[in-house]
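A.B. asks:
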């Protein structure tokens, strides 16, 4: 079975531009979460979506937004890019959300975003 | 102070050694505890998932959770060069969102 897939693999943008990152969860998983991992740090939670609804939001500015589609895939959008947005963006999928029991999260390979 | 503290290493051990990796935390609401392995420029891979206190074993890996001390550990027996990676601890509260809070990761190098 395919794991979590993300596209693109790498992306280079300039300050002020906008970027869209895509994620497809494991088949049957209904929850998608997004994390930002800066070099040398652990991932930081950005959003969780379950059944197309936002279930959680981390401490990120409104320049960050996301959505989930009927097929449970998801997009993360970042507007007005800053140099500090350069990071590995990770998508994680889980079968359920926190309120329903075991909810192991499985990560994709990530999208490496470089902002120049 | 960070919610989750983890020594960044690097930790270098010879092949065959027992490795001990640790995290401490301050949020008493954490109920789920995980260990992930991350190879360079890859996504984190889930190794162990435990709920509340206690021990869990899976092959060469043993995870321990001591909620009274707010301390978790991962032991790797018979370490192999292929275990060389960054190990991330992660924790989660029960509630309305699956928000993982990670440590900074410990970089492990297993030498021949």
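Protein chains in written order, with the working numbering: chain A, 2 to 117; chain B, 14 to 125. Note that CB positions come from ideal geometry on N, CA and C, so glycine has one too. Keep in mind that this is a model prediction, so the values were computed, not measured.
#1: Could you check if residue 13 of chain A is buried or exposed, using at least 16 other CB atoms within 10 Å of its CB as the buried criterion?
#2: In chain order, what residues of the same chain lie with their CB nearer than 7 Å to the CB of residue 87 of chain A, ignoring the 5 residues before and after it?
#3: Can you pull the chain B neighbours of residue 68 of chain A, defined as C-beta to C-beta under 9 Å?
#4: For residue 38 of chain B versus residue 17 of chain B, is the C-beta distance shorter than 8 Å?
#5: Using only the alpha-carbon positions, how far apart do residue 88 of chain B and residue 94 of chain B sit?
#6: Any C-beta of chain A sitting closer than 8 Å to the C-beta of residue 110 of chain B?
#7: Start and end of the beta strand (DSSP E) containing residue 36 of chain A?
#8: Flag residue 119 of chain B as yes when its Cβ comes closer than 7 Å to any non-hydrogen atom of the ligand ATP, and as no otherwise.
#9: Residues of the segment 87–100 of chain A in Cβ contact with chain B at a cutoff of 9 Å, in chain order, please.
#10: Is the segment 21–30 of chain B in contact with the segment 101–112 of chain A, if contact means three or more CB pairs nearer than 8 Å?
#11: Measuring only the C-alpha atoms, how far is residue 9 of chain B from residue 42 of chain B?
#12: Taking the alpha-carbon of residue 104 of chain A as reference, which of B:106, B:75, B:30 has the nearest alpha-carbon?
#13: Any C-beta of chain B sitting closer than 8 Å to the C-beta of residue 56 of chain A?
#14: Measure the C-alpha to C-alpha separation of residue 117 of chain B and residue 70 of chain A and round it to an integer number of angstroms.
#15: Going by alpha carbons, who is nearest to residue 68 of chain A out of A:85, A:78, A:28, A:82?
#16: Out of curiosity, what's the CA-to-CA distance linking residue 95 of chain A and residue 33 of chain A?
#17: Quick check: residue 36 of chain A and residue 44 of chain A, are their CB atoms within less than 8 Å of each other?
#18: Quick check on residue 27 of chain B: does DSSP put it in helix, strand or coil?
#19: Taking the straight line between their C-alpha atoms, what separation do you get for residue 77 of chain B and residue 97 of chain A?
#20: What are the start and end residues of the beta strand (DSSP E) that includes residue 14 of chain A?
#21: Step through the CB atoms of chain B and report whether any lies within less than 8 Å of the CB of residue 8 of chain A.
#22: For residue 15 of chain A and residue 82 of chain A, what's the separation of their Cα atoms in angstroms?
C.D. replies: Concretely, from the data shown:
#1: Counted from its first residue, the first chain places residue 13 of chain A at position 12. Exposed is the call here.
#2: Counting from 1 along the first chain, the entry for residue 87 of chain A is found at position 86. Taken in chain order, the residues that qualify are 114, 115, 116.
#3: Translated into positions along the first chain, residue 68 of chain A becomes position 67. Around residue 68 of chain A, no beta-carbon contact reaches into chain B at under 9 Å, the shortest distance being about 16 Å.
#4: Counting from one through the second chain, the residue named residue 38 of chain B turns up at place 25. Counting from one through the second chain, the residue named residue 17 of chain B turns up at place 4. With respect to residue 17 of chain B, residue 38 of chain B sits close: the two C-beta atoms are nearer than 8 Å.
#5: Your numbering for residue 88 of chain B matches position 75 in the second chain. Your numbering for residue 94 of chain B matches position 81 in the second chain. If you draw a straight line from the Cα of residue 88 of chain B to the Cα of residue 94 of chain B, it is about 15 Å long.
#6: Along the second chain, one-based indexing puts residue 110 of chain B at 97. Chain A contact via Cβ: present.
#7: Along the first chain, one-based indexing puts residue 36 of chain A at 35. For residue 36 of chain A, the enclosing beta strand (DSSP E) stretches over residues 32–38.
#8: The ligand ATP is not part of this structure, which contains no ligands at all.
#9: Listed by position, the residues of the segment 87–100 of chain A near chain B (Cβ gap below 9 Å) are 89, 91, 92, 93, 95, 97, 98, 99, 100.
#10: Between the segment 21–30 of chain B and the segment 101–112 of chain A, the count of Cβ pairs shorter than 8 Å is below three; the stretches do not touch.
#11: Nothing can be reported for residue 9 of chain B, as the shown portion of chain B is limited to 14 through 125.
#12: Your numbering for residue 104 of chain A matches position 103 in the first chain. Residue nearest to residue 104 of chain A within the set B:106, B:75, B:30 is B:106 (criterion: CA-CA distance).
#13: Position 55 of the first chain, counted from the start, is the residue given in the question as residue 56 of chain A. So, interface residue.
#14: Locating residue 117 of chain B in the second chain gives position 104, counting from the first residue. Locating residue 70 of chain A in the first chain gives position 69, counting from the first residue. Roughly 32 Å between the two C-alpha positions.
#15: Residue numbering aside, residue 68 of chain A sits at position 67 when the first chain is read from its first letter. Looking from the CA of residue 68 of chain A, the closest CA among A:85, A:78, A:28, A:82 belongs to A:78.
#16: Translated into the one-based positions of the first chain, residue 95 of chain A becomes position 94. Translated into the one-based positions of the first chain, residue 33 of chain A becomes position 32. A direct Cα-to-Cα measurement between residue 95 of chain A and residue 33 of chain A gives close to 7 Å.
#17: The residue labelled residue 36 of chain A in the question sits at position 35 within the first chain. The residue labelled residue 44 of chain A in the question sits at position 43 within the first chain. At the C-beta level, residue 36 of chain A and residue 44 of chain A come within 8 Å of one another.
#18: What you label residue 27 of chain B is simply residue 14 of the second chain in a count that begins at 1. In the structure shown, residue 27 of chain B sits in a strand (DSSP, three-state: E or B).
#19: Looking up residue 77 of chain B in the second chain gives position 64. Looking up residue 97 of chain A in the first chain gives position 96. The alpha-carbon separation between residue 77 of chain B and residue 97 of chain A amounts to approximately 25 Å.
#20: Taking the first residue of the first chain as position 1, residue 14 of chain A is located at position 13. From DSSP, the beta strand (DSSP E) with residue 14 of chain A extends over 11–14.
#21: Locating residue 8 of chain A in the first chain gives position 7, where the first residue counts as 1. No, residue 8 of chain A lies away from the interface with chain B (no Cβ there is under 8 Å from its Cβ).
#22: Numbered from its first residue, the first chain carries residue 15 of chain A at position 14. Numbered from its first residue, the first chain carries residue 82 of chain A at position 81. Rounded to whole angstroms, the separation of the alpha carbons of residue 82 of chain A and residue 15 of chain A is 7 Å.
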